[in-house]
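Here's the structure, in structure tokens; my notes come after.
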Amino acid sequence: MLTDHAPAGLRVGLVPARRPAAAIFDFDGTLVDTGTLNTDAVRASFDDLALTVPEPWLRQAPLADLGALRARLRADLGLDLPCTDREFVARTRAHWLTGSVRARPVPPVAAAARHLAATVPIAVASANDGQVVRAGLAAVGLADVFNVVVAREHVAHLKPAPDAYLLAAARLHTDPHRCLAFENTCAGVAAAHAAGMPVIDVRQDTWTVRHP
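Printed below as a string of structure tokens:
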């Protein structure tokens, strides 16, 4: 799972003046405002396993990387996950899907995705679980826009590594440097740049294309 901070009150144009050959969007907080869905799902899984963690710790935990999450649990709180990674992902996914009706689109980014999808191939590149991403897209009415979804289970290394963006570009049959990424975190921007892609940081009030 991924920490999620959606931009608010953006005053932006929908797309850059020069159209890219393809566009690749991050999911959590970029396309979809998932609010606290990710942290709530992980908290519920911890509760299932009789693990109590402080709320401030949970909000700062590396939810996308289970190896890092296990290490932080042990180092910070002296706790161990009493299950396999696969079991923990399945539990957390089930909790997330139950709450998926709370997901909301990020309006300017969702509009940009629909606008670009009319003329260029587009994809999602996320560190979240693939079933979660597709459920979130469906919940906000974007399931029909994205045929290509690259998620955590499809790559060896999560953002800020470039793997997700490189794989998404390959599945879109487009050179990475001709794609345009949309992101809302520093790790995501770094991942896109490491893949050789220009990127729009949707946290900014005015969208500008940032080149590697």
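All you need for this note's numbering is the position in the sequence shown, starting with 1, plus 7.
Heads up, the beta-carbon is just placed ideally off N, CA and C, and yes, glycines get one too.
Values in this document were obtained by computation on a predicted structure and should not be read as measured data.
Bridge partners - residue i, DSSP secondary structure assignment
i, result
"V139", "DSSP, once it has assigned bridges, lists no residue as partnering V139."
"R248", "Residue coverage of the chain in this structure runs from 8 to 219, which leaves residue 248 outside it and unanswerable."
"V155", "A130"
"V216", "I207"
"C186", "A29"
Residue i, DSSP secondary structure in three states
i, result
"V147", "coil"
"L86", "coil"
"R79", "helix"
"D35", "strand"
"V196", "helix"
"T46", "helix"
"D60", "Looking at the sequence itself, residue 60 is Val, so the reference to Asp does not match. Residue state, collapsed to three classes: coil."
"G74", "helix"
"A201", "helix"
"T91", "coil"
"L123", "helix"
"L65", "helix"
"L161", "Sequence check: residue 161 is His here, not Leu. Three-state DSSP puts H161 in a helix."
"L173", "helix"
"H180", "coil"
Through-space distance from residue j to residue i, alpha-carbon basis
i, j, result
"A163", "A125", "31 angstroms"
"A142", "L86", "31 angstroms"
"V152", "D92", "31 angstroms"
"L123", "A130", "11 angstroms"
"I31", "Q211", "18 angstroms"
"A232", "P61", "Residue 232 is absent from the structure shown; the chain starts at 8 and stops at 219."
"V206", "R111", "23 angstroms"
"A168", "L76", "18 angstroms"
"T59", "V155", "37 angstroms"
"A150", "L144", "5 angstroms"
"T215", "T41", "24 angstroms"
"L44", "P27", "32 angstroms"
"H218", "T99", "36 angstroms"
"V108", "A201", "34 angstroms"
"P183", "A57", "44 angstroms"
"A71", "R25", "33 angstroms"
"V96", "D136", "8 angstroms"
"E94", "L104", "15 angstroms"
"A177", "V39", "24 angstroms"
Cβ shell of residue i (< 6 angstroms), same chain only, five flanking positions each side left out
i, result
"A29", "V127, P128, L179, T181, C186"
Contacts around residue i, its chain only, beta-carbon distance under 7 angstroms, and the 5 residues preceding and following it disregarded
i, result
"T37", "V113, V116, F189, E190, N191, V209"
"R50", "L65"
"R79", "A68, P69"
"L73", "D92, F95"
8 angstroms CB neighbourhood of residue i in its chain, flanking five on each side removed
i, result
"D83", "W64"
"A197", "K166, P167"
CB-CB length for residue i against residue j, believed under 8 angstroms
i, j, result
"S52", "H102", "6 angstroms"
"D33", "G195", "5 angstroms"
"V140", "A158", "5 angstroms"
"L174", "H161", "6 angstroms"
"G106", "D47", "6 angstroms"
Test: residue i CB closer than 9 angstroms to a CB of chain B
i, result
"L173", "Within the model displayed, chain B is absent; a lone protein chain is all it includes."
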